[in-house]
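Undergrad: Just dropping this structure here.
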Amino acid sequence: MDALNYFAMSWLSPELLGLTALGTFLGIYVGAIPGLSVTMAVSILISFTFSWDVNYALCLMVGVYMGGVYGGSRTAILLNIPGAPSAIATALDGYPLAKKGLAGEAIGLSTVMSVVGGFVGIIVLALAAPTVSEFAITFQPRDYMMLGVLGIMLVGSLSGSSLARGIFAGALGLLIGTVGLDPMTAEERFTYGVVELWDGINPVAVMIGMFGISEALHQLHHMNKAVVKQKISRIIPKWSDVKKYMPLSLQTSFIGVIVGALPGTGGDIAALMAYDHAKRVTKKPKVPFGEGAKEGLIAPEAANNAAVGGAYIPMLTLGIPGDAVTAVFIGALFIHGLNPGPLLLVEQPHMFWFTVGNLTLANIFVLIFGLTGIKLFSKIVECPKGVLIPLIFLLSIVGAYAINNAVTDIWWMLAFGVFGYFMRLYAFPVGPVILGVILSSLTDENWRRAILSERGSVSDLFINLFHSPLSTVLFSVIVLILFTQSPIWTKWLRAKIFRPSH
Amino acid sequence: MSSQSPLIKTRKPGERLFCFLLVMGSTYLFWQAYNISGLSSLSSPGAFPLASAAVMVLASCVAFLNTLKSPAAEGVRFVYHCFPPVVAIIMALILVYSIVLDSLGFILSSFAFLFISIQFLYRRSVLTTLTITLLSLIVVYIVFRLVFQVVLPEGIVPEREILSAIESFVEIVILWML
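Taken in sequence, the protein lines are chains A and B. So that you can map any letter, position 247 of the first sequence is 1028 in my numbering, and since no number is skipped, the others follow by simple counting. So that you can map any letter, position 150 of the second sequence is 164 in my numbering, and since no number is skipped, the others follow by simple counting.
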């Protein structure tokens, strides 16, 4: 009964309801406008909302997250520019549909299927999280340490051009996270005697720099891209279409939840995998894929919204973020005094059910805003970059200042912004840096706990690791990733593949 | 997923230097991490930073060695493709903005920053830019300062006095109308 009370909390309070609606509305536009990303928006929002009551802040941010994942699809359909990485697969068939004059129908159908996906994700979250959390209580410190390392490695290997660059970015993040007084012994680390550094570098400043400033600086490269407008017809989808594609949408929703729940993979990969799945199971599409097949539109849209619920599972039960957006989200939870991890569901079950209820509410708002306001939408999306980019800089700087009312945070943010610009330029992924900063203290503390519990002996740690099936699996996966990404493996593979052809 | 690497990786101008600087920086951080508590024990405060820095040194070395092997990308110029003047100018503007933000205050410095950067990037008539700047500044001010109650630097503009003057003026008007 209690759970239901907490679940309905954001539905019954007018302020919370209003903030969720506002967040979802903002999220749709943030996701839709190329050049704005959910990661960027949530990083900036943290700085503005951290003095708020935690429920208010969460409502706004959950709304932005849910709306943002959906919003990317609109620009993908209308302009062939995915507003967010999770909408890359949507553009493949969405834009051809729009070119045929079916933009309205495509938007309507993608909205309904996004919402279906969203609900599947939330239901799985509500059912699976308590079980995962119970299992997670049995985790040893070494398992946490390995989970942290695994998350960073997966994001590093999937998001960049090479594993070395991804690992570099992750390690840099871990190092940034250690600056300040050591939480266990209060020894100074990288402080150079500066008292201001005792509290460490504020992760929000790093986030805004890496995702706000550096992203906006990159946008300056593509200032003069012409935009092709599409006509929008009826937007409420046909009931027969919804019924016909429901099985496919449910299948791809489950792909989305699972991919979303794995560490290191988020909505973008879920959407691409779902697109691939749709291609395989649709034997005779009415229209070939890539030329406006509705199956190719529905599959990624259902999957990327389902991935949101999936991503919440490791985030709330283990405290491990799956990708950059969830890393930023975990940062927000920490700042509001919540401790995402296995004890969250035991100590603060209300927070869990509140989040589930809030996600459901945000999903309903996606449906409402998704099927209305299309005229206003096409106006806002045309907002010229020459105006948009200066505003992003303004909000980033004010946001960094607002964290502690200190100019120091602005300097950190700018430094990371410029560094992030060059990292992006030379194909170093920035996501793992944020993941590293967020996971740094967790990994550090659990490493030390693990080694202390073995009385400082590495060989004991190593031997005991193989006594636990979970630790063995985690360790093998880490070794496997390292091995399969190394040049020795690729050389061996190439030799093996090319030999028969000779 | 954002970048699909071509079959033969090429390197952008400045990439080799950037990777080299990363190697140097990582080595420096490694040395700094070593100075925290040396190699005294595996659970010391310095152990984890030392391990992270070691990974950074290794990974940056691999990245640097790879740039030595890869051929330079053809037709890509640093000044044009990697660090165009527009990026440099905007960076400088942001720098100036953050320096004067505290002393001049949010309103004046943001107005100047928005006006100059929008004029520079959007290139419309001065009047258009002025309207956009004023409108967006008013919206940002209302949303963040008044609704979200975010503390913004006041600087030389006596903001609180103006706000309370407006408040009392509105009160007088309401009383008068009643």
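Think of the CB as a built atom: it goes at the ideal place given N, C-alpha and C, for glycine as much as any other residue. All values derive from a computational prediction rather than experimental measurement.
Using a Cβ cut-off of 8 Å (strictly closer), state whether V100 (chain B) contacts chain A.
TA: For V100 (chain B), the answer is yes, since a Cβ of chain A falls inside 8 Å of its Cβ.
Undergrad: Note the first and the last residue of the continuous alpha helix (DSSP H) segment covering G1077 (chain A).
TA: From DSSP, the alpha helix (DSSP H) with G1077 (chain A) extends over 1075–1098.
Undergrad: Less than 6 Å between C-beta atoms, sequence neighbours within five positions excluded: which residues of the same chain meet that for I1184 (chain A)?
TA: Excluding residues within five positions, the ones whose Cβ falls inside 6 Å are S828, N983, V985, D1190.
Undergrad: How would you write the range of the alpha helix (DSSP H) that Y94 (chain B) sits in, first residue to last?
TA: It is not in any alpha helix (DSSP H) - Y94 (chain B) carries neither H nor E in the DSSP assignment.
Undergrad: Taking the continuous alpha helix (DSSP H) assigned at Q921 (chain A), which residues delimit it?
TA: Careful: Q921 (chain A) lies outside any alpha helix (DSSP H) and carries neither H nor E.
Undergrad: Pair every Cβ in the region 1121–1133 of chain A with every Cβ in the region 1142–1152 of chain A, then say whether three or more of these pairs are closer than 8 Å.
TA: Verdict: no, contact absent.
Undergrad: Output, in chain order, the set of chain A residues within a Cβ distance shorter than 7 Å of L56 (chain B).
TA: Within chain A, the residues near L56 (chain B) are I1232, G1237, V1239.
Undergrad: For the alpha helix (DSSP H) that contains D783 (chain A), what are its first and last residues?
TA: Here the alpha helix (DSSP H) through D783 (chain A) covers 783–793.
Undergrad: For the region 84–163 of chain B, list the alpha helix (DSSP H) runs that are entirely contained and at least 4 residues long, ordered along the chain.
TA: Counting whole runs of 4 or more residues, the region 84–163 of chain B contains the alpha helix (DSSP H) stretches 99–118, 120–136, 140–154.
Undergrad: Which residues of chain B have a Cβ atom closer than 8 Å to the Cβ of D963 (chain A), listed in chain order?
TA: The contacting residues are P59.
Undergrad: Go ahead and pull the three-state DSSP assignment for E977 (chain A).
TA: Reduced to three states, the DSSP call for E977 (chain A) is helix.
Undergrad: Verify the CB distance criterion: does F158 (chain B) have a CB-CB separation below 8 Å to chain A?
TA: Yes, its Cβ sits closer than 8 Å to a Cβ of chain A.
Undergrad: DSSP three-state label for G1284 (chain A), please.
TA: Residue 1284 (chain A) cannot be examined here, being either before or after the span of chain A that is shown, 782 to 1283.
Undergrad: If you follow the alpha helix (DSSP H) that N836 (chain A) is part of, which residue opens it and which one closes it?
TA: Segment 835–860, the alpha helix (DSSP H) holding N836 (chain A).
Undergrad: Determine, for K849 (chain A), whether the minimum Cβ-Cβ distance to residues of chain B falls below 8 Å.
TA: It is worth fixing the name first, because residue 849 (chain A) is Gly in this sequence and not Lys. Chain B, which has no Cβ nearer than 8 Å to the Cβ of G849 (chain A), makes this no.
Undergrad: Counting beta carbon pairs with one atom in the region 1163–1170 of chain A and one in the region 127–136 of chain B, are three or more of them shorter than 8 Å?
TA: The region 127–136 of chain B vs the region 1163–1170 of chain A: in contact.
Undergrad: For the region 1029–1048 of chain A against the region 899–907 of chain A, do three or more pairs of beta-carbon atoms, one drawn from each stretch, fall closer than 8 Å, so that the two count as touching?
TA: Touching, yes, given that three or more Cβ pairs across the two stretches are closer than 8 Å.
Undergrad: Find out if the Cβ-Cβ distance for the pair S1221 (chain A), G864 (chain A) is shorter than 8 Å.
TA: No. Outside cutoff.
Undergrad: Using the Cβ count rule (16 or more neighbours within 10 Å means buried), how would you classify V936 (chain A)?
TA: With 16 or more Cβ atoms within 10 Å of its Cβ, V936 (chain A) is classed as buried.
Undergrad: State buried or exposed for W1270 (chain A), treating a residue as buried only when at least 16 other CB atoms are found within 10 Å of its CB.
TA: So W1270 (chain A) counts as exposed.
Undergrad: Can you tell me which of the three DSSP states E185 (chain B) falls into?
TA: Three-state DSSP puts E185 (chain B) in a helix.
Undergrad: In the DSSP assignment, the alpha helix (DSSP H) including R1061 (chain A) goes from what residue to what residue?
TA: R1061 (chain A) -> alpha helix (DSSP H) spans 1048–1062.
Undergrad: So the candidates are A:G804, A:I994, A:F1200, A:V1258; which of them puts its Cα closest to the Cα of F32 (chain B)?
TA: Looking at the Cα atoms, A:F1200 is the closest of the given residues.
Undergrad: Under 8 Å Cβ to Cβ from E1235 (chain A), same chain only, skipping five residues before and after it: list those, please.
TA: The answer, listed in chain order, is D1241, L1242, N1245.
Undergrad: Strictly by DSSP, which residues pair up with E969 (chain A)?
TA: In the DSSP output, where bridge partners are listed per residue, E969 (chain A) has A:L962.
Undergrad: Near F1264 (chain A), which residues of its chain fall below 8 Å by C-beta distance, leaving aside the five closest residues on each side in sequence?
TA: Excluding sequence neighbours, F1264 (chain A) sits near W1270.
Undergrad: Note down, in chain order, each residue of its chain lying with its Cβ closer than 6 Å to the Cβ of I994 (chain A), except the 5 sequence neighbours on either side.
TA: These residues qualify, in order along the chain: S1177, G1198.
Undergrad: Just the chain A side, please: which residues come within less than 8 Å of M70 (chain B) by C-beta, in chain order?
TA: Those are F949, A952, L953, L956, listed as they occur along chain A.
Undergrad: Between which residues of its own chain and G958 (chain A) is the CB-CB distance below 7 Å, once the five residues before and five after are set aside?
TA: The answer, listed in chain order, is G1217, V1218, S1221, S1222.
Undergrad: What residues of chain B sit near P1095 (chain A), judged by a beta carbon separation below 9 Å?
TA: Those do not exist, as P1095 (chain A) stays about 20 Å from chain B at its closest Cβ, beyond 9 Å.
Undergrad: Scan the region 1168–1185 of chain A for residues whose Cβ lies nearer than 8 Å to a Cβ of chain B and list them as they occur along the chain.
TA: Hits within the stretch, in order: V1168, I1170, P1171, L1172, F1174, L1175, L1176, I1178, V1179, Y1182, A1183.
Undergrad: Could you work out which residues of chain A lie near V184 (chain B), taking near to mean beta carbons separated by less than 9 Å?
TA: Under the 9 Å cutoff, chain A gives no residues; its nearest Cβ is about 24 Å from V184 (chain B).
Undergrad: Could you compute how far the alpha carbon of F125 (chain B) sits from the alpha carbon of V845 (chain A)?
TA: Near 28 Å, if we compare the C-alpha coordinates of V845 (chain A) and F125 (chain B).
Undergrad: Can you check whether the C-beta of L21 (chain B) is within less than 8 Å of a C-beta belonging to chain A?
TA: With a pLDDT of 43 at L21 (chain B), under the threshold of 50, the modelled position of that residue is not reliable, and the figure given next carries that caveat. So no, L21 (chain B) is outside the interface.
Undergrad: Quick one: which chain B residues come within Cβ less than 8 Å of T912 (chain A)?
TA: Those do not exist, as T912 (chain A) stays about 30 Å from chain B at its closest Cβ, beyond 8 Å.
Undergrad: Using a Cβ-Cβ cutoff of less than 7 Å, which residues in the same chain neighbour P815 (chain A) once the five nearest sequence positions on both sides are dropped?
TA: Correct list, in chain order: T856, I862, G864.
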